[in-house]
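Beneath this line is the structure, given in structure tokens, with notes to follow.
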Amino acid sequence: MFSQPSQFGYDKATVIFSPDGRIIQVEYAREAVKMGSTAVGIKTNTCVVLAGQKRSFELIESADKVFKIDDHISSTFSGYSADGRALLQRARVEAQIERITYGEVIDPEVLSEKIGDYLQSFTQYGGVRPFGIAVLFGSVYEGDTFLFFIDPGGAIFSCLATAIGANEAAAKEVLKNGYKKALTTKAAIKLALDALKAATEEDEGGLVAEMSLIETKTGKVQILSQKDIDEILKA
Amino acid sequence: MQSSGDIEKELAKGTTTVGVKCKDCAVLVADMRASMGTLVASDHAKKVHQLNDFSAITIAGLVSDAQYIIDIMQAQIRLFELDRKRRPKTSMIANLVKNMLYGQYRSYFPYYVQLIVGGWDQTGPHIYSFDMAGSLSEDDWFSSGSGSPLAFGVLEALYKENMTEEEGMKIALKALKSAIKRDTATGDGIRAVVIDSKGFRELSKEEIIKHGGDL
């Protein structure tokens with residue numbers, strides 16, 4: 001009956017380790033991510049695609065799912081949307097700080113580390129709770145493609161393709177089967193959509209996705225609506 | 001009672017430093033005299049400082065301010081290189097210096113310095129100059145310090161685009177020697193550095209003399 005960590009109070013704060021070395025509040029935060037709507041990221045030789053479902057609820061207009069951070073970086077997250085917005089605002093500010101400090105756009109790895117460091121600070125100090133989100137950053141920087149996944153504890157992973165949020169395992173399965181580094185932009189968009197479909201419960205009118213696309217040939221973020229996506233897939 | 005501005009003027013060192021951009025390298029030269037008013041306070045002052053393997057800075061003005069800026073810049077660049085496993089471009093270093101100068105200027109006690117940064121990166125050699133209010137400009141050549149008006153004339157007349165290291169060093173030293181001759185606060189010796197694709201290199205006395213830097 002004492003197997004539940006909560007009975008010892010080890011889940012009451014992030015400053016307390018459980019006896020088996022876990023920070024249970026961070027694990028709870030990961031559970032929050034699993035409740036969030038699914039998001040998918042794919043990096044190929046020539047492009048980076050982030051995709052998420054734009055969910056609509058009765059009488060509520062759907063919120064944005066993918067976001068532009070700077071000309072060359074986009075982001076999406078799963079979890080508490082308010083936490084996500086606050087964190088992405090911070091990412092945007094960090095990107096501008098880099099421009100002022102060095103007169104150059106930020107390296108996406110550096111941005112991911114800054115955001116990771118910030119998330120980490122919420123796992124080590126009292127009186128705070130960790131962010132209830134996982135984040136993906138996609139970027140084209142100096143001609144190369146980048147995809148980073150950051151978990152609520154601040155750990156950073158560079159990925160070829162990944163999924164976060166509800167039913168992420170189903171989306172990852174699709175990615176695993178369909179992923180190649182040499183995918184064309186169209187094929188990458190198709191794969192992202194398929195992965196999303198495998199993981200999400202479709203609304204009445206079918207799945208409405210939102211994507212960001214950054215191609216190496218332009219290096220600039222494009223936000224694609226479902227209509228844009230349909231047009232690309234039809235072409 | 002002297003105001004702090006008067007003290008700064010008294011402590012500020014007369015100097016001439018010169019930076020020249022060549023085809024494949026940046027050249028920085030400076031004299032070695034540190035003056036306090038009419039007194040020669042030092043005849044072996046170091047006015048060209050290495051920032052990292054591929055950049056250097058020349059200083060004129062208040063030495064303590066300049067040394068502090070150099071210390072901070074060296075630390076910032078080292079941290080950048082450790083964090084990011086790459087070297088900052090010369091333009092990024094220039095930006096850091098600019099921000100530091102501007103921040104201080106806007107808090108009413110500007111660093112009393114006139115600086116030139118030179119370096120080499122994947123985009124080639126670069127020369128940047130700053131004033132103490134924090135303005136930044138990229139130049140083909142520049143001179144700072146009390147003797148700079150004398151050096152300007154020489155550089156203006158002799159600078160050509162795409163010079164070799166030898167040609168660039170020659171006109172930089174000619175400009176500096178012209179200032180040494182006519183500016184009482186400039187003199188005593190010459191320090192010269194070159195930064196190219198192989199990195200920072202300080203010239204020996206013999207090399208300086210070979211390039212026309214005999215006094």
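Top line first, the protein sequences correspond to chains A and B. Using the numbering used here, you'd call the opening residue of the first sequence number 1 and step up by one each time. Using the numbering used here, you'd call the opening residue of the second sequence number 1 and step up by one each time. Idealized CB from N, CA, C, for every residue including glycine.
| query | What is the DSSP secondary structure of Arg129(A), reduced to helix, strand or coil? | reply | coil
| Could one say the Cβ of Asn52(B) lies closer than 8 Å to chain A's Cβ atoms, at least one of them? | no
| request: Helix, strand or coil for Gln67(B), going by three-state DSSP, please let me know. | output: helix
| query | Exposed or buried, what is Arg33(B) when buried is set at 16 or more other beta-carbons lying within 10 Å of its beta-carbon? | reply | buried
| query | Is the Cβ of Ser64(B) closer than 8 Å to any Cβ of chain A? | reply | no
| task | Over the uninterrupted alpha helix (DSSP H) stretch that includes Arg30(A), give me the two end residues. | result | 24-35
| request: Let me know if Thr186(B) comes out buried or exposed under the rule of 16 or more other beta-carbons within 10 Å of its beta-carbon. | output: buried
| task | Measure the CB-CB distance between Val40(A) and Ala188(A) and report whether it falls below 8 Å. | result | no
| said: So the candidates are Tyr10(A), Glu31(A), Ser112(A); which of them puts its Cα closest to the Cα of Gly21(A)? | reply: Tyr10(A)
| request: State the Cα-Cα distance for the pair Ile195(B) and Asn45(A), rounded to the nearest angstrom. | output: 35 Å
| Within chain B, partners of Val93(A) - CB distance below 7 Å | Correct list: empty, because the minimum Cβ distance to chain B is about 16 Å.
| query | Would Met100(B) count as contacting chain A if we go by Cβ distances under 8 Å? | reply | no
| said: Would you say Met92(B) lies against chain A (beta-carbon separation less than 8 Å)? | reply: yes
| message | With H, G and I counted as helix, E and B as strand and the rest as coil, what does DSSP make of Phe54(B)? | response | coil
| field | Proximal residues of chain A, C-beta to C-beta of Arg33(B) below 7 Å | value | Neighbours of Arg33(B) on chain A: none; closest Cβ ~34 Å, over 7 Å.
| request: Please list, in chain order, all residues of the same chain as Gln114(B) whose beta carbon is under 6 Å from its beta carbon, the five residues on each side excluded. | output: Ala60, Gly61, Ser144
| task | Report the residue from Lys68(A), Val208(A), Ser212(A) whose alpha carbon sits nearest the alpha carbon of Glu61(A). | result | Val208(A)
| field | Inter-residue Cα distance where the pair is Glu201(A) and Ser212(A) | value | 21 Å
| query | How should His126(B) be labelled, buried or exposed, when 16 other C-beta atoms within 10 angstroms of its C-beta is the threshold for buried? | reply | buried
| task | Pair every Cβ in the segment 157-167 of chain B with every Cβ in the segment 77-86 of chain B, then say whether three or more of these pairs are closer than 8 Å. | result | no
| task | Taking only beta carbons into account, state which residues of the segment 139-168 of chain A come closer than 9 Å to chain B, listed in chain order. | result | none
| Rounded C-alpha distance that separates Gly205(A) from Asn167(A) | 21 Å
| request: Quick one: list the residues of chain B neighbouring Val105(A), beta-carbon separation under 8 Å, in chain order. | output: Here the premise fails: no neighbours, minimum Cβ distance about 11 Å.
| request: Give the secondary structure of Val208(A) by DSSP, where H, G and I count as helix, E and B as strand, and everything else as coil. | output: coil
| message | Please state the DSSP three-state secondary structure of Glu202(B). | response | strand
| said: With DSSP as the reference, identify every bridge partner of Glu215(A), one or two as the case may be. | reply: Cys47(A)
| Between Met1(A) and Ser18(A), what straight-line distance do the alpha-carbon atoms span, to the nearest angstrom? | Here the model assigns Met1(A) a pLDDT of 48, short of 50, so the residue's position is not dependable, and the following value carries that caveat. About 16 Å.
| request: Alpha carbon to alpha carbon, how far is Asp183(B) from Val40(B)? Give it in angstroms, no decimals. | output: 13 Å
| task | Could you check what DSSP says for Gln222(A) in three-state terms: helix, strand or coil? | result | strand
| message | Can you pull out the residues from the segment 69-98 of chain B whose beta carbon lies closer than 9 Å to at least one beta carbon of chain D? | response | In the displayed structure, chain D is absent; the protein chains listed are A and B.
| message | Three Cβ pairs or more, each shorter than 8 Å: is that satisfied between the segment 72-86 of chain A and the segment 63-83 of chain B? | response | no
| field | Ala175(B) vs Leu155(B) beta-carbon contact at 8 Å | value | yes
| Within 10 angstroms of its Cβ, does Ser112(A) collect 16 or more other Cβ (buried), or is it exposed? | buried
| message | So, for Gly116(A): in the same chain, excluding its five sequence neighbours on each side, which residues have a beta-carbon less than 6 Å away from its beta-carbon? | response | Ile150, Gly154, Ile156
| field | Contacts that Thr101(A) makes with chain B (C-beta to C-beta distance below 9 Å) | value | Met92, Asn95, Leu96, Asn99
| task | May I ask which residues mark the beginning and end of the beta strand (DSSP E) holding Gln114(B)? | result | 113-121
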